[in-house]
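Comments concern the structure below.
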Amino acid sequence: MLQPLVAVSTDVRQFENYTWHAAPQQYLEAAISGAGVFPVLVPSFGDRLDLDELLSSVDGVMLTGSKSNVHPSLYGGDASEANGPYDEARDATTLPLIRKAIERGVPLLAICRGIQEMNVALGGSLATEIQDRPGSLDHRAPASDRQDERFAIRQPVSIKPGSCLAGVFGAGDIMVNSVHRQAVERLSPKLQVEAVAEDGTVEAVSVKDARAFAVGVQWHPEYWVNSDSASATIFRAFGDAVRAHAGARLGARTAAE
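Under our numbering, the first residue of the sequence shown carries the number 27, and numbering increases by one thereafter.
Take a look at the structure:
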């Protein structure tokens, strides 16, 4: 099968007197080499976009990580400068895209900011500066100028028995990286926990009774997709779900003809 199209979220950034809608290359590389799909960047124009038309044309959605955080006004949090930076144009695009993708059964993989967007889009809330909570590990990246050190695989997470990811990895622990200072606080009633860190921080979720693969992870599998087995496994599972959706769409279209 040809590479099916996957919609990829974008950040809005100001650079050299232009406004850019962009995604980091690591996610795009992982989509191509790890999932075997064709990533298509979705500009963050909110309700100016016909997301139903988009989801009729793609077979998956991938939400990238970002330096920005979901705006706290969307879940009743403190919209202070300390909890930023923010990207409200991205919020206005990804949150409705998440809801529509789930409703239509389009496979969804949400990474880092993406898992937080999933939780907020479906009625949950976020905790900020989690490293300051009593008993919490420091989930932020190690201080370094080298990206390989910042994204080093260093933290175990426990996969819940019987979960969606247990079907992907098997139950038990896998090793992941950790580059975040926010996390799920109040879990959306539409989500279930897939994996937790040693301190109980939610590290992965899935949509209850989802029609297709719909998973969010707090770590960064895109960074080591070509060298780490667990990172490769989740992208392969996402790619398989995308191809299954593409095949089902093709079959339905052929039957209608």
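Note that CB positions come from ideal geometry on N, CA and C, so glycine has one too.
Being a predicted model, the structure only gives us computed values, none of them experimental.
Fill in: Endpoints, beta strand (DSSP E) assigned at residue 199
Start and end: 198-202.
Worksheet item: For the 8 Å Cβ check, are there 3 or more pairs between the segment 255-264 and the segment 185-196?
Response: Yes: at least three Cβ pairs fall under 8 Å.
Practice prompt. Would you mind reading off the limits of the beta strand (DSSP E) that contains residue 208?
Written response: Note, residue 208: beta strand (DSSP E), 208-210.
Worksheet item: Hey, which unbroken runs of the alpha helix (DSSP H) at 4 residues or more fall wholly within the segment 62-133?
Response: Counting whole runs of 4 or more residues, the segment 62-133 contains the alpha helix (DSSP H) stretches 77-81 and 114-130.
Worksheet item: Between residue 179 and residue 248, is the Cβ-Cβ spacing less than 8 Å?
Response: Against a cut-off of 8 Å, the Cβ pair of residue 248 and residue 179 comes out as no contact.
Discussion item. Can you tell me where the beta strand (DSSP E) holding residue 242 begins and where it ends?
Written reply: For residue 242, the enclosing beta strand (DSSP E) starts and ends at 240-243.
Worksheet entry | Close Cβ partners of residue 69 (< 7 Å) along its chain, the five nearest in sequence each way excluded | For residue 69, where only same-chain residues beyond five positions count, the Cβ hits under 7 Å are 36 and 47.
Item to complete: In angstroms with no decimal places, state the Cα-to-Cα distance between residue 214 and residue 135.
Response: So the alpha carbons of these two residues sit roughly 17 Å apart.
Item to complete: Give the DSSP bridge partners of residue 154, in chain order.
Response: Under DSSP, residue 154 forms a beta bridge with 208.
Worksheet entry | Option nearest residue 131 by Cα separation, candidates 275, 246 and 205 | With respect to the C-alpha of residue 131, the residue from 275, 246 and 205 having the closest C-alpha is 275.
Practice prompt. Could you check how far apart the C-beta atoms of residue 66 and residue 87 are, in whole angstroms? I think they sit under 8 Å.
Written response: 10 Å between Cβ atoms; not a contact.
Worksheet entry | Extent of the continuous alpha helix (DSSP H) run through residue 54 | Its alpha helix (DSSP H) spans residues 51-56.
Discussion item. Just verifying my parser: in three-state terms, what is the DSSP assignment at residue 179?
Written reply: The DSSP-derived three-state label of residue 179 is coil.
Item to complete: Please list, in chain order, all residues of the same chain as residue 149 whose beta carbon is under 8 Å from its beta carbon, the five residues on each side excluded.
Response: These residues qualify, in order along the chain: 214, 215 and 216.
Item to complete: Give the straight-line distance between the Cα atoms of residue 229 and residue 155, rounded to the nearest whole angstrom.
Response: Each residue's Cα considered, the two are about 15 Å apart.
Practice prompt. Please confirm whether residue 95 and residue 231 have their CB atoms less than 8 Å apart.
Written response: Taking the C-beta atoms as reference points, residue 231 is found no nearer than 8 Å to residue 95.
Practice prompt. Starting from the Cα of residue 54, find the closest Cα among 256, 41 and 91 and give me that residue.
Written response: Checked all of 256, 41 and 91; the closest Cα to residue 54 is 91.
Worksheet item: Taking the continuous beta strand (DSSP E) assigned at residue 269, which residues delimit it?
Response: From DSSP, residue 269 is part of no beta strand (DSSP E) but of the alpha helix (DSSP H) over 255-282.
Discussion item. Between which residues of its own chain and residue 102 is the CB-CB distance below 8 Å, once the five residues before and five after are set aside?
Written reply: For residue 102, the CB contacts under 8 Å within the same chain, skipping 5 residues up- and downstream, are 151 in chain order.
Worksheet item: Considering only C-alpha positions, which residue in the set 107, 211 and 245 is nearest to residue 167?
Response: For the residues 107, 211 and 245, the minimum Cα distance to residue 167 belongs to 245.
Worksheet entry | Paired residues, beta bridge with residue 159 - DSSP | Beta-bridge pairing links residue 159 to no other residue.
Discussion item. Suppose contacts are defined by Cβ-Cβ distances below 8 Å. Is residue 61 in contact with residue 268 by that definition?
Written reply: Judged by their CB atoms, residue 61 and residue 268 are nearer to each other than the 8 Å cut-off.
Item to complete: Using the Cα positions of residue 209 and residue 280, report the straight-line distance between them to the nearest angstrom.
Response: One alpha carbon belongs to residue 209, the other to residue 280, and they sit about 44 Å apart.
Worksheet item: Which value, in whole angstroms, describes the spacing of the CA atoms of residue 85 and residue 160?
Response: When rounded, the distance between both Cα atoms is 42 Å.
Practice prompt. With DSSP collapsed to three states, give me the class of residue 236.
Written response: Residue 236: coil per DSSP, three-state reduction.
Worksheet item: Around the Cβ of residue 106, are there at least 16 other Cβ atoms within 10 angstroms (buried) or fewer (exposed)?
Response: Per the 10 Å Cβ criterion, exposed.
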